[in-house]
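Residue numbers (our numbering): 631 to 812.
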């Protein structure tokens, strides 16, 4: 897959080092469960439509009973800590590392995302730490800003080639929008 570090429109993308990913399902309204989970992950759990990061673990809110855990390395130690902390509590944790791929987008990321997502990515509606599950082009994707010029995008592994091609066109010279980045 092509990796474009800096196109003429000022944006670029690449696939960062592979991280382990796990889906967590459980009652996020259960205070005991969420307290134990946060302690095992050593990171605050995100609120609705947000992502939390710390200590090599990103935790994204996916739905009222689902979180996506993205961990540096293979994640084995983290997943074992979660399993130990929640032993005897109703929950499900599944390794989904092989299902998804991650891209890092740089440059005028709001303008680039606005080309292909129906979600509002304006600074008033989409802030650093917000997490969106939406579409980019013709595929389902999730994305978030890590700073004003960097976004992370995840999609199904089977759709990675499509997203890579879409990003290649979206960052190409002549495609500048100037809505949010001037």
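Virtual Cβ for every residue (Gly too), placed ideally from N, Cα, C.
{"Check": "Alpha helix (DSSP H) segment containing residue 667, residue limits", "Outcome": "661-671"}
{"Check": "Sub-8 Å separation of residue 758 and residue 789 beta-carbons", "Outcome": "no"}
{"Check": "Euclidean distance between Cα positions of residue 787 and residue 728", "Outcome": "7 Å"}
{"Check": "Extent of the continuous beta strand (DSSP E) run through residue 681", "Outcome": "681-684"}
{"Check": "DSSP bridge partner residues for residue 764 (one or two, in chain order)", "Outcome": "771"}
{"Check": "CA nearest to the CA of residue 774, picked from 733, 654, 803", "Outcome": "733"}
{"Check": "Cβ contact check for the stretch 663-671 and the stretch 641-651: 3 or more pairs under 8 Å", "Outcome": "no"}
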